[in-house]
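One structure is given here, and the rest of the page talks about it.
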């Protein structure tokens with residue numbers, strides 16, 4: 001039996017700050033003359049309804065790549081939102097919202113008009129209403145419209161598909177510049193030269209047929225074989241030829257040359273023994289060097305329990321005048337295992353898959369067909385849930401127990417300290433989202449008008465949120481304050497996930513741009529840095545050390561470092577991220593000293609969580625829940641003690657001496673150096689999408705470095721606690737001083753980036 005594919009974390013999401021604060025320019029699109037009446041109960045266009053999005057790359061120079069991103073919300077199917085963004089410009093403050101007279105099917109296509117004048121670009125937008133009206137809109141750039149205006153009829157071209165002689169319902173749609181392709185329920189495919197020819201012109205519509213030559217003259221012989229309904233359509237350019245890929249319900253996969261209207265390939269995907277019905281199709285860009293073009297077909301499982309599969313088909317092609325496409329592709333399968341697919345992008349060697357694995361729970365995986373390696377990406381939902389202590393039920397326990405222990409002797413400061421810690425995390429760029437925060441305030445009966453909410457500064461938001469927590473009845477007891485913040489954070493996270501549901505992937509393989517179009521924001525992905533690969537990657541992968549530039553003497557040093565990282569993991573598993581959060585806050589506030597926080601946390605490591613006063617916790621959690629969580633905490637403490645004992649034994653047995661262990665730790669500490677350099681810049685503001693992403697990504701890396709340094713600090717401190725068996729206490733103390741200094745320099749690096757957005761509006 002072949003071994004399962006290896007898996008690792010490939011990268012993490014970087015939100016584009018400001019993408020949640022767009023001002024929309026509403027533009028009404030009037031109906032073309034004599035549209036067919038829409039019937040919501042039985043629409044003429046039966047493309048499955050879903051939230052939809054897409055992106056078109058506009059190449060206007062090597063350094064000025066632009067992207068036209070669009071999205072249609074499932075709850076507002078007559079509204080299409082368009083954003084134009086460029087990496088070397090600030091994220092736009094406004095976007096265009098086109099309001100149509102009836103619902104659209106989940107499809108749109110945008111491109112730049114070939115006849116656009118320099119300095120005044122004109123974009124073409126193709127859409128299709130559920131009643132079967134194809135609409136082409138000519139849009140100015142950069143969308144210089146006045147909100148509330150109406151698009152001129154001169155900028156609209158419409159065509160009613162129901163007036164065509166073929167009246168079968170539309171089941172699939174695709175567009176290229178000057179061409180709209182329709183697939184129907186009876187298996188027929190028709191191309192319309194929308195944007196090139198007038199609907200009344202000869203040659204405006206052409207049906208793709210199996211027969212050739214004189215057979216085209218005979219209507220009764222126009223189809224030699226009945227085909228299943230068209231499931232999906234996609235297009236690609238191969239050797240400067242526009243090819244059309246059509247997937248039918250009966251498994252037929254047909255490839256057509258659009259210009260000559262000839263069929264090149266007829267292949268049946270059912271022959272590959274994939275369980276389920278073929279339903280969706282994605283085609284990648286042609287690889288001219290390898291002379292390959294790859295496509296993916298979703299086979300939806302019908303068995304119980306159902307498991308969807310993605311069939312990957314690679315067709316080879318020839319160059320020159322005799323263009324040939326191989327009739328038999330190479331085939332491979334990628335099981336989805338769980339969840340349903342939302343979007344997919346494909347290249348010759350890789351698949352990027354966006355899946356919904358539960359209610360408001362998504363994941364992105366990358367599959368390499370050559371190495372059979374599966375990679376995943378850290379989504380912003382995961383990062384925010386961890387930031388707001390919502391990643392698990394134990395996250396609340398960790399924070400409650402730790403806060404109760406730390407503030408046992410200074411209860412009067414617990415409320416302000418803990419509230420400041422939550423607010424700092426809530427209002428930082430990447431976590432704060434306007435719509436989600438406003439909905440959360442409304443749930444707590446904070447009714448603010450649009451103008452009032454938009455005029456709030458960071459200070460004003462802090463006051464509004466603090467008043468909510470205070471009115472919830474929070475006392476000076478730390479555990480009670482944490483509990484009410486937990487409830488507020490849970491509501492906020494739910495609203496954030498709802499307002500930022502992933503719609504689709506953004507991929508530009510030429511510029512190596514990979515991103516995500518969400519309901520209420522946009523983001524890009526980056527690869528993990530060296531320290532992140534070491535912390536989040538495979539702990540047994542010695543290759544990560546080489547990527548960090550660590551000069552380890554031999555494999556033993558690598559195994560030693562792995563065991564040190566495992567010890568840090570034991571500590572992190574017991575304490576969670578609450579201890580690092582409290583320690584971080586103590587460094588930038590004068591409420592409690594970092595040394596006192598460290599002292600209390602070390603007591604937890606040595607003897608476990610022991611709340612100073614159980615009455616508030618019993619009141620908040622209930623007696624049964626309190627007893628159960630106390631028992632769980634004791635079990636975790638016993639497990640931690642055993643794991644640390646075993647790890648210490650391995651460190652001692654694998655290394656020649658404790659001195660060798662400290663040599664490895666010293667090399668690891670150098671990886672946590674921030675390497676901050678100060679450069680002189682001109683007094684001009686440099687702010688574009690690229691710089692905003694660098695700021696946000698640096699903040700993410702700084703947070704990881706801080707948490708890793710803190711875990712190492714606790715590990716060395718814990719080592720001092722068992723110093724009766726260690727002969728190098730002086731060197732441990734030296735390391736503690738060095739790591740403590742490193743901790744004191746890391747947080748300001750992060751705070752600089754967080755405080756740049758002082759006024760959130």
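Residue numbers (UniProt numbering): 1 to 761. Beta carbons are placed, not taken as given, at the ideal position from N, Cα and C, and that holds for glycine.
(1) Looking only at its own chain, which residues have a Cβ that is under 6 Å from the Cβ of residue 267, when we skip the five neighbours before and after it?
(2) According to the Cβ coordinates, are residue 501 and residue 360 closer than 8 Å?
(3) What whole-angstrom Cβ distance do residue 517 and residue 69 have, given they're in contact under 8 Å?
(4) Could I get the ranges of all uninterrupted beta strand (DSSP E) runs contained in the region 137-218, with 3 residues as the minimum, in chain order?
(5) By the DSSP assignment, the beta strand (DSSP E) with residue 125 in it spans what residues?
(6) Using only the alpha-carbon positions, how far apart do residue 585 and residue 570 sit?
(7) Can we say the region 277-292 touches the region 305-319, given the rule of at least three CB pairs closer than 8 Å?
(8) Is there contact here, the region 90-99 with the region 16-26, by at least three beta-carbon pairs under 8 Å?
(9) I'd like to confirm the pairing. Which residues does DSSP put opposite residue 356 in its beta bridges?
(10) Just checking my contact of residue 696 with residue 12 at CB under 8 Å: how many whole Å lie between their CB atoms?
(11) What are the start and end residues of the beta strand (DSSP E) that includes residue 110?
(12) Are the region 40-59 and the region 168-178 touching by the rule of at least three beta carbon pairs closer than 8 Å?
(13) Cα-Cα, which of 426, 330, 407 is closest to residue 479?
(14) In angstroms, rounded to a whole number, what distance separates the CA positions of residue 637 and residue 568?
(15) Checking 8 Å against the spacing of the C-beta atoms, do residue 588 and residue 413 come in under that value?
(16) Considering residue 664, what are the terminal residues of the alpha helix (DSSP H) in which it resides?
(17) If you draw a straight line from the alpha carbon of residue 80 to that of residue 72, how long is it in whole angstroms?
(18) Would you check if there are 3 or more beta carbon pairs closer than 8 Å linking the region 448-462 to the region 494-508?
(19) Compare the Cα-Cα distances from residue 129 to each of 113, 110, 159, 139 and report the closest residue.
(20) How many angstroms separate the CA atom of residue 369 from the CA atom of residue 667?
(21) Which residues mark the beginning and the end of the beta strand (DSSP E) in which residue 296 is found?
(22) With a CB to CB cut of under 6 Å and the five nearest residues on each side skipped, what residues in its chain are close to residue 74?
(23) According to the Cβ coordinates, are residue 346 and residue 295 closer than 8 Å?
(24) With a 10 Å radius around its C-beta and 16 neighbouring C-beta atoms as the bar for buried, classify residue 788 as buried or exposed.
(25) Could you pull the start and end residues of the alpha helix (DSSP H) that residue 525 belongs to?
(26) Three-state secondary structure (DSSP) at residue 15?
(27) Cutting at 6 Å between CB atoms, please list the residues of its own chain near residue 605, excluding the five before and the five after it.
(28) Beta carbon of residue 464, beta carbon of residue 438: below 8 Å?
(29) Hey, how far is the Cα of residue 148 from the Cα of residue 112?
(30) What's the C-alpha gap between residue 647 and residue 308?
(31) If we call anything under 8 Å between Cβ atoms a contact, is residue 141 one with residue 84?
(32) Using only the alpha-carbon positions, how far apart do residue 261 and residue 208 sit?
(33) Nearest to residue 155 by alpha carbon, out of 521, 162, 136?
(34) Go to residue 314, then tell me how far its beta strand (DSSP E) extends in each direction, as first and last residue.
(35) Could you have a look at residue 633 and say whether DSSP puts it in helix, strand or coil?
(36) Give the DSSP-derived three-state secondary structure of residue 433 in the structure shown.
On the basis of the supplied data:
(1) On the chain shown, residue 267 is found 267 positions in, with the first residue counted as 1. Short of 6 Å from the beta carbon of residue 267, and not among the five residues preceding or following it, lie these beta carbons of its own chain, in chain order: 253.
(2) Taking the first residue of the chain shown as 1, we reach residue 501 at position 501. Taking the first residue of the chain shown as 1, we reach residue 360 at position 360. Cβ atoms of residue 501 and residue 360: closer than 8 Å.
(3) Against the chain shown, residue 517 aligns to sequence position 517. Against the chain shown, residue 69 aligns to sequence position 69. Indeed they touch by this definition, with Cβ atoms about 6 Å apart.
(4) 156-160, 170-176, 179-184, 189-192, 205-208
(5) Mapped onto the chain shown, residue 125 falls at position 125. Per DSSP, residue 125 belongs to the beta strand (DSSP E) from 122-128.
(6) Locating residue 585 in the chain shown gives position 585, counting from the first residue. Locating residue 570 in the chain shown gives position 570, counting from the first residue. Distance between the alpha carbons of residue 585 and residue 570 is about 23 Å.
(7) yes
(8) yes
(9) The sequence position of residue 356 within the chain shown is 356, counting from 1. 340, 362.
(10) Residue 696 sits at position 696 when you count from the first residue of the chain shown. Residue 12 sits at position 12 when you count from the first residue of the chain shown. That belief does not hold up - the Cβ atoms of residue 696 and residue 12 are roughly 11 Å apart, past 8 Å.
(11) Within the chain shown, the letter at position 110 stands for residue 110. Note, residue 110: beta strand (DSSP E), 109-112.
(12) yes
(13) As a working mapping, residue 479 is identified with position 479 in the chain shown. Nearest option by C-alpha distance: 407.
(14) Taking the first residue of the chain shown as 1, we reach residue 637 at position 637. Taking the first residue of the chain shown as 1, we reach residue 568 at position 568. The alpha-carbon atoms of residue 637 and residue 568 are separated by roughly 15 Å.
(15) Position 588 of the chain shown, counting from 1, holds the residue named residue 588. Position 413 of the chain shown, counting from 1, holds the residue named residue 413. No, the pair does not count as a contact, with Cβ atoms beyond the cut-off.
(16) By 1-based counting over the chain shown, the position of residue 664 is 664. Residues 658-670.
(17) Here the question's residue 80 lines up with position 80 in the chain shown. Here the question's residue 72 lines up with position 72 in the chain shown. About 5 Å.
(18) no
(19) Locating residue 129 in the chain shown gives position 129, where the first residue counts as 1. Residue 159 is the option with its Cα nearest to residue 129.
(20) By 1-based counting over the chain shown, the position of residue 369 is 369. By 1-based counting over the chain shown, the position of residue 667 is 667. Rounded to whole angstroms, residue 369 to residue 667 spans 36 Å at the Cα level.
(21) Your numbering for residue 296 matches position 296 in the chain shown. Unbroken beta strand (DSSP E) run through residue 296: 292-300.
(22) The residue you call residue 74 lines up with position 74 of the chain shown. Cβ neighbours of residue 74 beyond the five flanking positions: 51.
(23) Translated into positions along the chain shown, residue 346 becomes position 346. Translated into positions along the chain shown, residue 295 becomes position 295. Going by C-beta atoms, residue 346 is nearer than 8 Å to residue 295.
(24) No answer is possible for residue 788: the residues shown for the chain start at 1 and end at 761.
(25) For the purposes of this step, residue 525 is taken as the residue at position 525 of the chain shown. Taken as a continuous stretch (DSSP letters only), residue 525 belongs to no alpha helix (DSSP H), being part of the beta strand (DSSP E) at 522-527.
(26) Start at 1 with the first residue of the chain shown, and residue 15 comes out as number 15. Three-state DSSP puts residue 15 in a strand.
(27) For the purposes of this step, residue 605 is taken as the residue at position 605 of the chain shown. 718, listed in sequence order.
(28) As a position in the chain shown, residue 464 is number 464, starting the count at 1. As a position in the chain shown, residue 438 is number 438, starting the count at 1. No, the pair does not count as a contact, with Cβ atoms beyond the cut-off.
(29) Stepping through the chain shown from its first residue, residue 148 is reached at position 148. Stepping through the chain shown from its first residue, residue 112 is reached at position 112. For residue 148 and residue 112, the distance between alpha carbons rounds to 24 Å.
(30) Residue mapping note: residue 647 aligns to position 647 of the chain shown, counting from 1. Residue mapping note: residue 308 aligns to position 308 of the chain shown, counting from 1. Each residue's alpha carbon lies about 42 Å from the other.
(31) In the chain shown, the residue the question calls residue 141 occupies position 141. In the chain shown, the residue the question calls residue 84 occupies position 84. The answer is yes: Cβ separation under 8 Å.
(32) By 1-based counting over the chain shown, the position of residue 261 is 261. By 1-based counting over the chain shown, the position of residue 208 is 208. For residue 261 and residue 208, the gap between their C-alpha atoms comes out near 6 Å.
(33) Within the chain shown, numbered from 1, the residue matching residue 155 stands at position 155. Taking only the C-alpha atoms, the option nearest residue 155 is 136.
(34) Residue numbering aside, residue 314 sits at position 314 when the chain shown is read from its first letter. Its beta strand (DSSP E) spans residues 309-316.
(35) For this step, residue 633 is matched to residue 633 along the chain shown. DSSP places residue 633 in the helix class (H, G or I) of the three-state scheme.
(36) What you label residue 433 is simply residue 433 of the chain shown in a count that begins at 1. Residue 433 falls in the coil class under three-state DSSP.
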